[in-house]
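S.K.: The numbering used here puts the first residue of the sequence shown at 1486, with every later residue one more than the last.
I am attaching a structure below and will ask some questions about it afterwards.
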Amino acid sequence: MRKLLYIFTCLLLSYKAIAGELNSPNGNFKLKFSLENGKPTYQLDYKNQAIILPSTLGFELVKAQDLLDNFELIAETTDSFDESWKPVWGERSEIRNQYNELLVALNQKGTERKINIRFRLFDDGLGFRYEFPQQDNLQYFIIQSENTQFAMAGDHTAFWIPGDFDTQEYNYNKSRLSEIRSLMQEAITPNASQTQFSPTGVQTSLMMKTDNNLYINLHEAALIDYSCMHLELDDVNFIFQSHLTPDVLGNMAYMQAPTQSPWRTVIASDQAADILQSTLTLNLNEPCAYEDTEWIKPVKYIGVWWEMISGMSSWAYTDLPAVKLGETDYNKTEPNGTHGATNENVRRYIDFAAEHGFDQVLVEGWNEGWEDWFGKSKDYVFDFLTPYPDFDVEALNEYAHSKGVKLMMHHETSGSTRNYERHMDQAYQFMVDHGYNAVKSGYVGNMIPRGETHYGQWMVNHYQYALTKAADYKIMVNAHEAVRPTGLSRTYPNLVGNESARGTEYESFGGNNPDHTTILPFTRLIGGPMDYTPGIFETDISQYNPNNTSYVRSTLARQLALYVTMYSPLQMAADLPQTYEKYMDAFQFIKDVPVDWQETVILEAEPGDYITYARKDKASENWFVGRTNDEEARTSKINFHFLTPGKKYIATVYADQKDAHYKDNPKAYQIKQYQVNSKSKLNQYCAPGGGYAISIMEVTDTSTLKGLKKL
């Protein structure tokens, strides 16, 4: 009897120590959850290799006992799910959402507070979140620290940017985890608003590669009513711990049960392409919140923007050092003569857009207040309604609509979010009244309320408020300087774009590293599309502004490739119309390339080195290929297996010439045409900082193939 009791006790203890195991649908991933001395712990393997070593979970609370230990398992349930859903827009027309789920219900002994942890294991990785059910002993609480760990199995190579509560606008660094501390100071470059927190703090989405050639990505999904998560590294033991963005009081998140955290995500594979193809982040978000989505349309646009970024033109109408909205009479001021948003200039952009098939024209600097908008901590900075004297809203909209073009609204808040919310209904109604259906919003500078940061819970809630309020007016949103996306575009597809990273504008502010666009799809784009604003053909900025010696670290051919490699349903041809008119043969690719896709294939991929995408147009049988290359010359070797067997196509290849170079000879490009089919192959030279773009059009008239070389 004593022996049987001993065996039963051992089995019971074992059950309490190992709460559950879970396999992915294809069996490649294996999750283990356990309570180690009352502490929730998980680990994750991929094909029998450790991705996450045993890592603890829990919270420190403000003025309350922490939710870290002394837990007991009270319930465990498993489930499976498999569906396919159709995004309103995206990289593919249909997405499969298949996972196995483990839900563990925990009770903290002594406090009798309950917390659930829900794990979902997909074929591309893991998502898990904390859930706080309705209960008497945990209703309102404040998080001091979320202690979610991601214990790495080695000193991996990482592609990282400094942890910062206000910006992601940094060049990426490639280093061992153990080297982050020594490289941090140099990695922090100036920005309009920035707040670092640790010499080993980095941002998500974090991309890593192990010595065993496993690729690992850490991020989060469905960031709502919570603060943005960063990662702080214990660089002795290679353990990352979540570091939430605090508010002005130092608190991380204010919670009321029932509620939940965002999902914490781990995507992993032995193939780099699988990271790019992952749909895990989208699948962890809720289905579309809108019954009617017909008003949400992908957009290809041009704009009065790059001329201001380069310093050729100005946002401001005058050179006054200070203005007051409603008091300054702009009709009595002297124009500075450099204002970009003039009636005459905007009409030129509208004409160009109409001639070449663009949907919209963005105009920045159209509204009063740009004279002292930045760096003054000014609350009432814009009203988003009142145009400068040289911008006739009614006439320009009528002119644009007569040519089949819309104007795109610009709302710069200068960080004064209280002011934006004060005017938001009027501003959106103004858009509706004048035929605008898309807005580019901006959050440059330090936040008002003062002391808040771009990525705290307060601002996360503001971005969500602006997005859902815009939906009430059937307006699409492209938010710049906002928190980086976490797949919310599935639920709220009017979020058609974000910046939230170092974009093309920095090519005019000293330049981006040549490998930048070979890293962003593995990091920033994991959460959603980026308004990267490619298409710069004049790479010498001094040609627009003699006082600006910056240059674009890209060949012209790679600028075309970015329309394929930097996915977005909102793509800008960012250069000036008069520049495009000098290179109309190359500009043809920008005119042809779609912004919505039926299918996406990764042909080559290695973070920091190169990426080659092939994408199929959602509306036709045409395909488009883009290759972005780092600073080393390389030869891309691809085949056209993705094409429909038996069909013939004409491939137009826009590529670097042999002597092209992102710095010394960026405009050296060539255009060639070939006959291709599903058995064709291509070896294509890619210059330093270069790449290529290919349009592949289905042949409907075989006579068009005459004289074309077969690949």
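Beta carbons are placed, not taken as given, at the ideal position from N, Cα and C, and that holds for glycine.
Who pairs with Gln2198 in a beta bridge, going by DSSP?
M.R.: The structure shown does not extend to residue 2198, since the chain is modelled only from 1486 to 2196, so the question has no answer here.
S.K.: With a CB to CB cut of under 6 Å and the five nearest residues on each side skipped, what residues in its chain are close to Asn1768?
M.R.: Position 283 of the sequence shown, counted from the first residue, corresponds to residue 1768. Around Asn1768: Asn1582.
S.K.: By a C-beta neighbour count over all protein chains shown, 10 Å radius and 16 as the cutoff for buried, is Arg1935 buried or exposed?
M.R.: Reading the sequence shown from its first residue, position 450 is the one you call residue 1935. Arg1935 is exposed by the Cβ-count criterion.
S.K.: Between which two residues does the alpha helix (DSSP H) holding Gly1969 run?
M.R.: Mapped onto the sequence shown, residue 1969 falls at position 484. One detail in the question is off: residue 1969 reads as Arg in this sequence, not Gly. Premise fails: Arg1969 is in no alpha helix (DSSP H) and is neither H nor E.
S.K.: Buried or exposed: His2126, going by 16 or more other Cβ atoms within 10 Å of its Cβ?
M.R.: For the purposes of this step, residue 2126 is identified with residue 641 of the sequence shown, where counting begins at 1. With fewer than 16 Cβ atoms within 10 Å of its Cβ, His2126 is classed as exposed.
S.K.: In the DSSP assignment, what residue or residues form a beta bridge with Glu2183?
M.R.: On the sequence shown, position 698 is the one that residue 2183 refers to. Tyr2134.
S.K.: Mind checking Thr2187: buried by the 16 CB within 10 Å criterion, or exposed?
M.R.: Locating residue 2187 in the sequence shown gives position 702, where the first residue counts as 1. Per the 10 Å Cβ criterion, exposed.
S.K.: Pop quiz: Gln2056 and Tyr2048 are said to be a contact at Cβ under 8 Å. What is the actual Cβ separation, rounded to whole angstroms?
M.R.: Position 571 of the sequence shown, counting from 1, holds the residue named residue 2056. Position 563 of the sequence shown, counting from 1, holds the residue named residue 2048. Contact flag correct, Cβ pair sits at about 6 Å.
S.K.: Identify every run of the alpha helix (DSSP H) within the region 1867 to 1916, keeping only runs that are complete inside it and at least 4 residues long; order them along the chain.
M.R.: Uninterrupted alpha helix (DSSP H) stretches at least 4 residues long and entirely within the region 1867 to 1916 occur at 1878 to 1887, given in chain order.
S.K.: Alpha carbon to alpha carbon, what distance is there between Val2037 and Tyr1655?
M.R.: Translated into the one-based positions of the sequence shown, residue 1655 becomes position 170. Translated into the one-based positions of the sequence shown, residue 2037 becomes position 552. If you take the alpha carbons of Tyr1655 and Val2037, they lie about 16 Å apart.
S.K.: Based on Cα-Cα distance, which residue from Asn1931, Tyr1657, Lys1524, Tyr1531 lies nearest to Leu1553?
M.R.: Position 68 of the sequence shown, counting from 1, holds the residue named residue 1553. Cα-wise, what sits closest to Leu1553 is Lys1524.
S.K.: Taking Cβ positions, are Pro1743 and Pro1618 nearer each other than 8 Å?
M.R.: For the purposes of this step, residue 1743 is taken as residue 258 along the sequence shown, with counting starting at 1. For the purposes of this step, residue 1618 is taken as residue 133 along the sequence shown, with counting starting at 1. Yes; because the gap between Cβ atoms is below 8 Å, this pair is in contact.
S.K.: Give a yes or no on whether the C-beta atoms belonging to Val2110 and Tyr2098 are separated by under 8 Å.
M.R.: For this step, residue 2110 is matched to residue 625 along the sequence shown. For this step, residue 2098 is matched to residue 613 along the sequence shown. In this structure, Tyr2098 lies closer than 8 Å to Val2110 by Cβ.
S.K.: Nearest to Leu1886 by alpha carbon, out of Ala1838, Thr1898, Arg1903?
M.R.: Start at 1 with the first residue of the sequence shown, and residue 1886 comes out as number 401. It is His, not Leu, that sits at residue 1886 in the sequence shown. Checked all of Ala1838, Thr1898, Arg1903; the closest Cα to His1886 is Ala1838.
S.K.: On the DSSP bridge list, what partners appear for Gly1686?
M.R.: For the purposes of this step, residue 1686 is identified with residue 201 of the sequence shown, where counting begins at 1. Bridge partners of Gly1686: Glu1717.
S.K.: Measuring alpha carbon to alpha carbon, tell me which of Ser1862, Thr1526, Pro1647, Val2086 ends up nearest Ala1986.
M.R.: Position 501 of the sequence shown, counted from the start, is the residue given in the question as residue 1986. Answer by Cα proximity: Pro1647.
S.K.: Give a yes or no on contact between the region 1905 to 1912 and the region 1867 to 1883, applying the rule of three or more CB pairs nearer than 8 Å.
M.R.: yes
S.K.: Counting along the chain, where does the alpha helix (DSSP H) carrying Leu2045 start and finish?
M.R.: As a working mapping, residue 2045 is identified with position 560 in the sequence shown. From DSSP, the alpha helix (DSSP H) with Leu2045 extends over 2041 to 2050.
S.K.: Considering only their Cβ atoms, is the gap separating Asn1622 from Arg1603 smaller than 8 Å?
M.R.: On the sequence shown, residue 1603 is found 118 positions in, with the first residue counted as 1. On the sequence shown, residue 1622 is found 137 positions in, with the first residue counted as 1. No, Cβ-Cβ distance for Arg1603 and Asn1622 is not below 8 Å.
S.K.: Only counting the same chain, and skipping five residues up and downstream in sequence, which positions put a Cβ closer than 7 Å to that of Leu1892?
M.R.: Walking along the sequence shown from the start, residue 1892 turns up at place 407. Excluding residues within five positions, the ones whose Cβ falls inside 7 Å are Gln1845, Val1846, Val1848, Leu1881, Asn1882, Ala1885, Tyr1921.
S.K.: Assuming Thr1989 and Ala2059 make a contact with CB atoms under 8 Å, what is their CB distance in whole Å?
M.R.: Within the sequence shown, residue 1989 is the residue found at index 504, counting from 1. Within the sequence shown, residue 2059 is the residue found at index 574, counting from 1. In this structure Thr1989 is in contact with Ala2059, their Cβ atoms being roughly 6 Å apart against a cut-off of 8 Å.
S.K.: According to DSSP, simplified to helix, strand and coil, what is His1947?
M.R.: By one-based count along the sequence shown, residue 1947 stands at place 462. His1947: helix per DSSP, three-state reduction.
S.K.: For a test of the three-state rule: what should DSSP assign to Asp1530, helix, strand or coil?
M.R.: As a first step, residue 1530 must be located in the sequence shown, where it is residue number 45. Of the three classes helix, strand and coil, the one that applies to Asp1530 here is strand, per DSSP.
S.K.: State yes or no: is the C-beta of Met1944 within less than 8 Å of the C-beta of Met1932?
M.R.: Working through the sequence shown from its first residue, we reach residue 1944 at position 459. Working through the sequence shown from its first residue, we reach residue 1932 at position 447. Cβ atoms of Met1944 and Met1932: closer than 8 Å.
S.K.: Roughly how many angstroms separate the alpha carbons of Val1831 and Asp1875, rounded to a whole number?
M.R.: Here residue 1831 corresponds to residue number 346 of the sequence shown, with the count starting at 1. Here residue 1875 corresponds to residue number 390 of the sequence shown, with the count starting at 1. Using only the alpha carbons, I get a separation of about 10 Å.
S.K.: Give me the Cα-Cα distance between Ser1899 and Trp1790, rounded to the nearest whole angstrom.
M.R.: Translated into positions along the sequence shown, residue 1899 becomes position 414. Translated into positions along the sequence shown, residue 1790 becomes position 305. The straight-line gap from Cα to Cα measures roughly 17 Å.
S.K.: Using C-beta distances below 8 Å, list every residue in its chain close to Ser1578, excluding the 5 sequence neighbours before and after it, in chain order.
M.R.: Indexing the sequence shown from 1 puts residue 1578 at position 93. If we look at Ser1578 and ignore the five residues flanking it on each side, its Cβ neighbours are Lys1571, Pro1572, Trp2082, Gln2083, Glu2084, Lys2103.
S.K.: Quick one, are the C-beta atoms of Tyr2159 and Leu2196 less than 8 Å apart?
M.R.: Taking the sequence shown and counting its residues from 1, one reaches residue 2159 at position 674. Taking the sequence shown and counting its residues from 1, one reaches residue 2196 at position 711. At a Cβ-Cβ threshold of 8 Å, Tyr2159 and Leu2196 count as neighbours.
S.K.: Can you have a look at Asp2115 and say buried or exposed, based on whether 16 or more other CB atoms are within 10 angstroms of its CB?
M.R.: Position 630 of the sequence shown, counted from the start, is the residue given in the question as residue 2115. Within 10 angstroms of the beta-carbon of Asp2115 lie 16 or more other beta-carbons, which makes it buried.
S.K.: Compute the Euclidean distance between the alpha carbons of Ser1457 and Gln2073, then round it to the nearest angstrom.
M.R.: Since the first residue of the chain shown is 1486 and the last is 2196, residue 1457 is not available in this structure.
S.K.: For Val2161, does the three-state DSSP call read helix, strand or coil?
M.R.: The residue you call residue 2161 lines up with position 676 of the sequence shown. Judged by DSSP in its simplified three-state form, Val2161 adopts strand.
S.K.: Does Lys2195 come out as helix, strand or coil in the three-state DSSP assignment?
M.R.: Indexing the sequence shown from 1 puts residue 2195 at position 710. Here Lys2195 sits in strand by DSSP.
S.K.: Below 8 Å, can you find three or more Cβ-Cβ pairs linking the region 1652 to 1666 to the region 1698 to 1708?
M.R.: no
S.K.: Determine, using beta carbons only, whether Val1924 and Val1962 come nearer to each other than 8 Å.
M.R.: Translated into positions along the sequence shown, residue 1924 becomes position 439. Translated into positions along the sequence shown, residue 1962 becomes position 477. Going by C-beta atoms, Val1924 is nearer than 8 Å to Val1962.
S.K.: In this structure, how does DSSP classify Gln1550 when only helix, strand and coil are distinguished?
M.R.: Stepping through the sequence shown from its first residue, residue 1550 is reached at position 65. Coil.
S.K.: Return the chain-ordered list of same chain residues with a C-beta closer than 6 Å to the C-beta of His1895, the five sequence neighbours on each side being excluded.
M.R.: Residue 1895 sits at position 410 when you count from the first residue of the sequence shown. Hits under 6 Å: Glu1849, Lys1925.
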